[in-house]
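Quick mapping for you: the protein sequence lines, in order, are chains F and P.
One gets this note's numbering by counting positions in the first sequence from 1 and adding 1 to each.
One gets this note's numbering by counting positions in the second sequence from 1 and adding 32 to each.
Yeah, the Cβ is synthetic: ideal placement off N, Cα and C, and Gly gets one too.
Below: one structure, written as structure tokens.
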Amino acid sequence: MKSKALLAAPGVTRRQCIKNAAAIAAFAAVPILRAESGRKYRVALIGSGWWGMNILREAMASGVCKVVAMCDPSQQTRDIATGQVTDASGDQPKKFEDFRELLEQAKPEIVIIATPDHWHSLITIASLRAGAHVFVEKPTGHTVMESRAMVNTANATGKIVQVGLHRRIGPHHVSGLQFLRSGGAGDIGMVRMFVNSRGGRERPSPNSEPPEGMNWDLYCGPSPLRPFNGKIHPGGWRNFLDFANGTLGDWGVHWLDQVLRWTEEKHPKRIYSTGGRPVQGKPIHTPSEQTSDAPDSQVAVYEFESFTATWEHRKFAGTGSEKTGVGCYFYGTKGTFHMGWRDGWTFYPADDKNSPTHEASQLQEPDGHNLTLLWKDFIKSIQDGKKPVADVESAHRSTSLSLLGMLSLKLGRSIRWDGEKEQILNDPEANRLLSRPYRAPWVYPTVS
Amino acid sequence: MKSSFPRPLYHVLTTILLLATEGAACGDDWPRWRGPDSNGLSKEPDWSTEWPTQGPTIAWKLSVGIGFASVVIQDGSLVTTGHAEDKDTLWCVDSAKGTVRWKHSYDSDLGDKYFDGGTTSTPTIHGGFIYSLSRWGDVFCIELASGKVKWSKNIQKETSVRIPDWGFSGAPLVREDLLILNVGDAGLALERSTGKIVWKSENKDAGYSSPFITGAGPNEVVIFGSSKSYVGVALKTGKELWRFPWPTQYGVNAADPIVRGDHIFVSSGYNKGSALFTVAKGQPVVSWQNKELRNQMNPSVLIDGFLYGVDGDTTTKATLKCVDFLTGVVRWTEPGIGSGTVVGAGGKLIVLTDRGELIVAPASPEGFKPSARAQVIGGKCWTVPVLAQGRIYCRNAAGNLVCVDVRKRP
């Protein structure tokens, strides 16, 4: 969960807190450690903002990690984050502006990557090549072929890559998918993923010089060098398509991933998306001011062999008649199953004589995730040399579906997807959008 | 008493008394953020700290639009702001009845990148005029009585000054001919009658506190929370006199400083903490610094040597704390307040929890022992309650404003 806009979701109940605390306590009681030898993994964080620090706190709490390096193009961000690390753990990591210097000098064994999406691929690949295991936030890539290059590099280096899909290990997601797979909702014929919130028209903000101590050229990296604008940094880059892929490239990855965890099919065969900015208004991008440019509303349709899944998001009108603004409905012959976030999962039987079945979420607050479990799985995977729960190849497939939705939106037509070859059928123009030009001197990662 | 006056005179006197009460001339007004003395304390005498079990009367309610601006009150007029349908609106309302006297709207962005968005800066009433600053730099001088705009401008467009991440948030400060705004690295001053710039500071991110004035005569100093420090500047010239480095995550130095004698107290959230310092020959000297009291948005109040304030962020389980001003030692911690707010009056604390429960308790380092509490509003409440003329005004982020009547009954 990296969507700040939706943080104001219902709070957790006391019961959830207790359960949660119990889960954490149970984890703490089980030493997973390589600490037997007293040695700790040398960990580096690249992208030291809000979410990166959430992940790094898990590393520090695990007892098997020593934070050796912090990286961010903003001096203020890395200074403050480094101070927090020293406060929390006593570690005194070295600070770096440029990840290449960090990899060369700090020689981390584990790299956590929590940059905006447009940097995920290049930094993951460089970290793997430098011999590190990687924990990278979702989505894996900003375009499909970047993501594929990450998978290939992970396979070639044999290093572990865990992707931040904490819903794969979140207790109510695991039990909910078990409920579905065991036929609890009957035969599923349709799935609907959605994220809705409030909002209105967007007015432009003035461009300005980047904040003091911010290497804005490095922040933009392989993306076009836009003028600095407070709408982008900090915390707003998801709504700028140079750096991310809007709501579908954020929440969409989580829910598409849940769908792929549930179905036995590996890929949809056809994808179509439409949407735009009817409420926020046309994007503005001038030398003096900018708005964001991600769609304020979007529908995407994923046709699988045995079912159809739809995505919809809306940044206006609120949740309306829905009980919740976020989730994924699985419609089956026995009823409707809602996979939610803080509201856990609920099954509503088609026969209204039976009452709904509900399971509460067990999340870490305040940000509503299960990173403790995901980090534990990552360390275990490194120790055992086995695939982690959110391995890069499967995360790549979920990411790709969100990217293909965005691709269809930009293209304005549906695409037929050959998931094995990772090619769009009979559409050279569409295939060109599986990658994008990079700004020199950065070079698009090679897939082979 | 009744029998000692002839009937007609008795009636006249009664009428005058009633008028005085209704016209709100005997209690305490609250014309600016943090009140008449800029310390979060009201001198209002007419209010009850013991409420009936069903809670005090809600005299009126009004929907003013999304935002976090608090209210200001002068001579029976209440002024606040909110955002709806792509516009910010300045409301002037009868503070006793809740009837709208006038409103002024202008185009504005909701600005909900990190939160609900809407207005954040509280307007200031001074000398019959309202001064207001929007998150995006719109400045207005409006006649209180008529709602007529005397002058307005967008200071951001005029100076190309940087807008901090959450927009400009400090309440304007009026001193003599100057209108002082927390805009730029260490503030900006306008001529208050015209809006003409008198002095300004470097083009760096402002913080979110309201300009705070201290000292006297030629030694008047205005303190600004800036993005990476608290800065003291000379009132007349804007010349920087001292700078206390105070880097906080996201540059959020939002709580106003609290000054007593030579001591200056500052506090920020995001696990930053607080510090007490003095200034000697232009250099800050720290008396103490710790992480016990972390004011993310609203400042604490200082009563009889003890600070009472909210420790923690909106994303943590924030608590109310009592901290010894001179030592930084915590005297007590009260959970369950959340990212709420606190003001004081007559030795009492008035607390509004982040879920809209209004609580009154004696301000005492011995503990938090409420004498009255009532759920007066729902939703998300990050805005300080304001006590004036026997009424407490509370709002939530969605823009529901309630007037809680706590006048002592005759």
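Taking all protein chains shown into account, do 16 or more other C-beta atoms lie within 10 angstroms of the C-beta of Gln281(F), making it buried, or fewer, making it exposed?
The residue is buried, with at least 16 neighbouring Cβ atoms inside 10 Å.
Whose CA, out of Ser289(F), Trp312(F), His370(F) and Glu304(F), lies closest to the CA of Ser192(P)?
Ranked by Cα distance from Ser192(P), the first of Ser289(F), Trp312(F), His370(F) and Glu304(F) is Ser289(F).
What is the rounded straight-line gap between the Cα of Gly59(P) and the Cα of Leu219(F)?
Computed Cα separation, rounded: 58 Å.
Where does Cys124(P) fall in DSSP's three states?
Here Cys124(P) sits in strand by DSSP.
Closer than 8 Å, CB to CB, is Lys440(P) near chain F or not?
Taking Cβ atoms only, chain F never reaches closer than 8 Å to Lys440(P), which makes this a no.
Taking all protein chains shown into account, decide if Gly314(P) is buried (16 or more other Cβ within 10 angstroms of its Cβ) or exposed.
The residue is exposed, with fewer than 16 neighbouring Cβ atoms inside 10 Å.
Below-8 Å beta-carbon distance, Lys283(F) vs any chain P residue:
It does not; no Cβ of chain P falls within 8 Å.
Option nearest Pro24(P) by Cα separation, candidates Ile296(P), Ser306(P), Gly270(P) and Thr269(P)
This structure gives no information on residue 24(P), because the portion of chain P shown stretches from 33 to 442.
Exposed or buried, which one is Ala350(P) when buried takes at least 16 other CB atoms within 10 Å?
Buried: at least 16 other Cβ atoms inside 10 Å.
Pull up the distance between the alpha-carbon of Trp252(F) and that of Lys185(P), whole angstroms please.
CA-to-CA, the gap between Trp252(F) and Lys185(P) works out to about 40 Å.
By the 10 Å Cβ neighbour count, where 16 or more other Cβ atoms means buried, how is Ala22(F) classified, buried or exposed?
A caution first: Ala22(F) carries a pLDDT of 43, below 50, which makes its placement in the model unreliable, though a value can still be read off. Exposed: under 16 other Cβ atoms inside 10 Å.
Could you give the uninterrupted runs of the beta strand (DSSP E) lying entirely in the region 44 to 79 of chain F, keeping only those of 3 residues or more?
You should have 66 to 72.
Nearest to Ala338(P) by CA position, among Ala91(P), Gly431(P) and Gly376(P), is which residue?
The residue you asked about is not Ala; residue 338(P) is Phe in the sequence shown. Minimum Cα distance to Phe338(P) is reached at Gly376(P).
Locate the beta strand (DSSP E) running through Gly292(P), then write down its first and last residues.
Rather than Gly, the amino acid found at residue 292(P) in this sequence is Arg. For Arg292(P), the uninterrupted beta strand (DSSP E) run begins and ends at Ile290 to Arg292, by DSSP.
Residues, ordered as in the chain, of the region 79 to 97 of chain F that lie near chain P by beta-carbon distance below 7 Å:
When CB distances to chain P are screened at a threshold of 7 Å, the residues of the region 79 to 97 of chain F falling below it are Asp80, Ile81 and Gln85, in chain order.
Indicate whether Arg315(F) and Gln259(F) have their beta-carbon atoms separated by less than 8 Å.
Going by beta carbons, Arg315(F) and Gln259(F) fall outside the 8 Å limit.
What span of residues does the beta strand (DSSP E) with Gly305(P) cover, start to end?
Here the beta strand (DSSP E) through Gly305(P) covers Gly305 to Ala312.
Val135(F) (DSSP reduced to helix, strand or coil)
The three-state secondary structure of Val135(F), taken from DSSP, is strand.
Mind checking which residues open and close the alpha helix (DSSP H) that includes His255(F)?
From DSSP, the alpha helix (DSSP H) with His255(F) extends over Trp252 to Trp263.
Which first and last residues belong to the alpha helix (DSSP H) in which Leu123(F) is found?
His121 to Arg130 is the extent of the alpha helix (DSSP H) around Leu123(F).
Short check: CB of Pro417(P) to CB of Leu384(P), under 8 Å?
By the CB criterion at 8 Å, Pro417(P) and Leu384(P) fall inside the cutoff.
Three or more C-beta pairs below 8 Å linking the region 256 to 263 of chain P and the region 277 to 293 of chain P:
The region 256 to 263 of chain P makes contact with the region 277 to 293 of chain P, as at least three CB pairs between them are under 8 Å.
Return helix, strand or coil for Trp92(P), following the three-state DSSP convention.
Strand.
Glu117(P): contacting residues in chain F (beta-carbon distance under 8 Å):
What Glu117(P) touches in chain F: Gly201.
Using alpha carbons as the reference points, say which of Glu147(F), Ile285(F) and Ser298(F) lies closest to Thr125(F).
Comparing Cα positions, the closest option is Glu147(F).
Nearest chain P C-beta to Ser298(F) closer than 8 Å, yes or no?
By this cut-off, Ser298(F) is not an interface position.
CB of Val65(F) within 8 Å of CB of Val86(F), strictly:
Inclusion of Val65(F) and Val86(F) in the CB contact set at 8 Å is not warranted, their separation being larger than that value.
Contacting positions in the region 167 to 188 of chain P - beta carbon closer than 7 Å to chain F:
Sequence-ordered contacts of the region 167 to 188 of chain P with chain F read Gln188 [C-beta pairs closer than 7 Å].
Please decide whether Arg275(P) counts as near chain F, where near means a Cβ-Cβ distance under 8 Å.
Not an interface residue.
Excluding the 5 residues flanking Val253(P) on each side, which residues of the same chain have their C-beta closer than 8 Å to its C-beta?
For Val253(P), the CB contacts under 8 Å within the same chain, skipping 5 residues up- and downstream, are Ile245, Thr246, Gly247, Gly264, Val265, Ala266, Leu267 and Leu273 in chain order.
Chain-order list of residues whose beta-carbon lies under 7 Å from that of Gly219(P) (same chain, five-residue window excluded)
Ile212, Leu213, Ser233, Pro243, Val254, Phe256, Val265 and Gly270.
When the Cα of Val171(P) is compared with those of Met329(P), Gln106(P) and Asp139(P), which residue comes out closest?
Put simply, of Met329(P), Gln106(P) and Asp139(P) the residue whose alpha carbon is nearest the alpha carbon of Val171(P) is Asp139(P).
As assigned by DSSP and simplified to three states, the class of Asp139(P):
Note: Asp139(P) maps to strand in three-state DSSP.
Please tell me whether Glu389(P) and Arg405(P) are closer than 8 Å, where the distance is taken between their beta carbons.
Annotated as proximal: Glu389(P) and Arg405(P), with beta-carbon spacing under 8 Å.
Nearest by alpha-carbon distance to Gln365(F): which of Arg343(F), Ile416(F), Asp353(F) and Thr347(F) is it?
For the residues Arg343(F), Ile416(F), Asp353(F) and Thr347(F), the minimum Cα distance to Gln365(F) belongs to Arg343(F).
Exposure of Thr121(P), with buried meaning 16 or more beta-carbon neighbours within 10 Å:
By the neighbour-count rule (16 or more Cβ atoms within 10 Å), Thr121(P) is buried.
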